[in-house]
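Read the structure below first, then the notes.
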Amino acid sequence: MRVPFLLFIYLTAISEIANAQDLSCSSAVTLDGGTLEVTSDNAGDDTENLQCALDFAIEAGFRDIFLTSKTYNVGAVSARGFRGDLRGRSKKNTVVSIQNGALSCTETMGAAIEFQVGNASVRNMTISVDSPCADGNAASVIAFHSNAADCADRTVFGNVDRVVIAGTGTQGSDTVVGIIADVAPGCDSANQRVLGTLKVNRSELSDLEIGVQTSIGGGGQVDINYNSLSTIGLPLSILDANQSTTILANKINFNDVDSYGASSGLGTTAIYVASTAASPNNNTTTIKNNTLTDVGLSAAGTAILVGQVEKAITHKMAVTGNTFQGSSANTAGGGLVAIDTEDGVISGNAFLSAAGTWIDISSGDISQGFIGRDISGWAIVANDFSGATANTDISLGEGTSGVIVGRSQGFPKVDDVTGENDILESYAASNTAFAKRTRSVRSAAAPTELFYQQLLTLMRLDPLND
2 MRVPFLLFIY LTAISEIANA QDLSCSSAVT LDGGTLEVTS DNAGDDTENL
52 QCALDFAIEA GFRDIFLTSK TYNVGAVSAR GFRGDLRGRS KKNTVVSIQN
102 GALSCTETMG AAIEFQVGNA SVRNMTISVD SPCADGNAAS VIAFHSNAAD
152 CADRTVFGNV DRVVIAGTGT QGSDTVVGII ADVAPGCDSA NQRVLGTLKV
202 NRSELSDLEI GVQTSIGGGG QVDINYNSLS TIGLPLSILD ANQSTTILAN
252 KINFNDVDSY GASSGLGTTA IYVASTAASP NNNTTTIKNN TLTDVGLSAA
302 GTAILVGQVE KAITHKMAVT GNTFQGSSAN TAGGGLVAID TEDGVISGNA
352 FLSAAGTWID ISSGDISQGF IGRDISGWAI VANDFSGATA NTDISLGEGT
402 SGVIVGRSQG FPKVDDVTGE NDILESYAAS NTAFAKRTRS VRSAAAPTEL
452 FYQQLLTLMR LDPLND
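Residue numbers (the working numbering): 2 to 467.
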């Protein structure tokens with residue numbers, strides 16, 4: 002009984018000390034035990050009150066900020082070193098609207114709710130956004146950054162749990178990213194990469210240009226689990242990272258926005274992983290138990306697009322237990338397209354309906370900036386192609402050798418361009434000539450062009466790239 006009593010005395014003392022301090026906030030910010038409560042301002046702008054609550058929480062060591070009202074309107078708020086929760090009542094009962102034109106986005110990418118270093122969680126709310134930038138460029142809704150004042154201070158632990166982020170898609174005038182974990186504006190994105198973790202759980206993202214974008218170094222953990230993403234130009238993107246990423250049990254619609262310019266590459270792909278000359282040497286990606294649905298607004302929908310340019314890295318991949326739902330309109334896209342990427346496992350997936358090619362593994366063209374490496378180390382086993390109606394189920398392109406295509410997968414149609422892979426069973430199983438033919442069903446230009454379009458779009462968002 003003594004420990005609970007002492008804890009009560011401690012909390013009471015802390016509360017009294019805090020109450021004795023001047024919060025330097027309006028009456029909309031109050032203290033209830035260990036929780037800072039923020040009520041909505043009748044004047045219609047809650048930015049100053051939320052910023053004040055964050056500042057006081059950092060200064061006094063409080064770890065819980067609770068938004069008690071139904072609706073809020075905010076501009077840009079930023080917290081350096083915050084450790085705790087920023088939470089609402091629920092997705093339905095707390096709605097935070099980002100004010101139009103409230104962010105400065107000219108010199109760097111803007112951020113509506115930014116956490117630099119620390120250990121911050123955003124929970125239980127809906128955040129709506131339209132055109133947050135006052136002066137062009139791009140902005141993120143929730144940003145987890147390194148320390149802009151000390152670029153060597155790079156570790157941030159970010160968590161987004163049960164949050165709805167809803168934009169207006171191409172109706173808005175700005176490029177909007179839902180959640181980003183990256184180097185702080187002004188720091189060197191290659192040599193001072195942000196460290197730490199990001200967890201996005203049971204959240205809903207829609208009508209944004211980019212859903213979640215990460216570029217974490219040092220082998221940091223990224224978990225994107227049990228979320229719903231739809232009508233997003235590029236739902237999930239990973240650029241120049243050394244992170245251990247798990248994308249688990251999400252429902253992701255892609256190829257469901259047809260109003261982006263063709264040169265942007267947006268509106269076609271669900272998951273994008275790219276490395277350039279600025280990339281660390283290693284990366285790991287696990288994509289498991291997701292439902293990836295091609296809505297079919299273009300002929301080139303691609304569920305997963307992975308590639309390397311300018312520098313070869315070790316990228317370990319596991320794509321397991323997913324459902325790839327195709328579209329009859331898809332004649333040039335794919336399920337998984339991996340360019341210049343070795344050592345992967347594709348297992349236990351179900352491929353349904355049509356695509357140009359469900360699995361496309363190949364070496365890239367050096368003249369296009371790709372590595373052009375020899376590709377081996379892949380195993381394609383225990384999948385189900387019985388419901389697939391693609392032109393080609395598996396394409397093993399230029400540079401591939403020793404790729405294993407296992408038995409009992411519904412007799413996939415295999416195009417082995419080099420004839421140097423181990424095809425244990427394919428369409429018309431007794432006729433191995435199909436599996437060993439030296440031709441390609443379609444040109445490789447389409448996925449490589451799409452890869453570069455998306456790469457350039459993402460690099461334009463980087464603070465150090467125009």
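Don't be surprised by glycine CBs; every beta carbon is placed ideally from N, CA and C.
Straight-line gap, residue i to residue j (C-alpha atoms, nearest Å)
i      : j      : result
Ser28  : Asp46  : 14 Å
Leu51  : Tyr261 : 35 Å
Met126 : Val96  : 6 Å
Thr342 : Phe63  : 46 Å
Ile99  : Cys106 : 14 Å
Leu32  : Ile128 : 24 Å
Leu237 : Leu68  : 28 Å
Gly349 : Val382 : 7 Å
Gly357 : Leu206 : 28 Å
Gly474 : Arg124 : Since the first residue shown for the chain is 2 and the last is 467, residue 474 is missing from the structure and cannot be characterised.
Thr476 : Gln193 : Nothing about residue 476 can be read from this structure; the chain reaches only from 2 to 467.
Tyr227 : Phe83  : 26 Å
Leu462 : Glu108 : 11 Å
Ala313 : Val307 : 13 Å
Ala185 : Ala271 : 26 Å
Tyr73  : Ala80  : 18 Å
Ile233 : Asp208 : 5 Å
Ile376 : Ile225 : 28 Å
Gly411 : Leu353 : 12 Å
Ser276 : Val201 : 22 Å
Pro281 : Asp361 : 25 Å
Cutoff 8 Å; reference residue i; Cβ partners in own chain excluding five residues on either side
i      : result
Gly370 : Val310, Glu311, Tyr453
Thr269 : Phe255, Asn256, Ser299, Ala301, Gly302, Thr303, Gly334, Leu451
Ala54  : Cys26, Val30, Leu37, Val39, Ile66
Ala351 : Asn323, Thr324, Phe325, Asn384, Asp385, Gly388
Ala135 : Gly102, Ala103, Leu104, Ser105, Cys106
Val78  : Thr48, Leu51, Gln52, Leu55, Ala113, Ile114, Glu115
Leu196 : Ser147, Arg155, Thr156, Val157, Ile217, Gly218, Gly219, Gly221
Gly111 : Ala77, Leu104, Ser105, Pro133, Cys134, Asn138, Ala139, Ala140, Ser141
Ile405 : Trp379, Ala380, Ile381, Val382, Asn422, Asp423, Leu425
Neighbour-count burial assignment, residue i, 16 or more Cβ in a 10 Å radius
i      : result
Gly85  : buried
Leu457 : exposed
Gln244 : buried
Lys414 : buried
Gly420 : exposed
Asp189 : exposed
Asn251 : buried
Ser122 : buried
Thr401 : buried
Asn291 : buried
Phe9   : With a pLDDT of 48 at Phe9, under the threshold of 50, the modelled position of that residue is not reliable, and no figure is offered here.
Asp259 : exposed
Ser264 : exposed
Ala153 : exposed
Ala446 : Residue placement at Ala446 cannot be trusted, given a pLDDT of 35 that sits under 50; what the coordinates show is reported in the next sentence. Ala446 comes out exposed.
Ser91  : exposed
Ala44  : exposed
Ala1   : Residue 1 lies beyond the range of the chain shown here (2 to 467); nothing can be said about it.
Cβ-heavy atom distance, residue i to the ligand MG, below 8 Å
i      : result
Gln455 : The ligand MG is not part of this structure, which contains no ligands at all.
Sequence-distant residues of its chain with Cβ nearer than 6 Å to residue i (five each side left out)
i      : result
Ser216 : Asp183, Leu240, Asp241, Ala242
Ile181 : Ser141, Ala144, Gln214
Ala436 : Model confidence at Ala436 stands at a pLDDT of 41, short of 50, so the residue's coordinates are unreliable and nothing is read from them.
Lys289 : Leu249, Thr321, Gly322
Gln455 : Gly266, Tyr273
Asp394 : Trp359, Phe386, Pro413, Lys414
Asn283 : Asn243, Thr315
Arg408 : Leu425, Glu426
Ile166 : Ile128, Val142, Gly179, Leu206
Leu230 : Leu206, Gly212, Pro236, Ile253
Nearest-angstrom beta carbon gap, residue j and residue i [assumed within contact, 8 Å]
i      : j      : result
Ile372 : Gly365 : 6 Å
Gly398 : Asp423 : Incorrect: roughly 16 Å between the Cβ atoms, too far for contact.
Glu210 : Val177 : 6 Å
Gln172 : Ala149 : Actually they do not touch by this definition, with Cβ atoms about 31 Å apart.
Ile340 : Pro448 : 7 Å
Contacting residues, own chain, Cβ-Cβ under 7 Å from residue i (five flanking each side not counted)
i      : result
Lys317 : Thr285, Asp344
Ala355 : Gly327, Ser328, Ser329, Asn331, Thr390, Ala391
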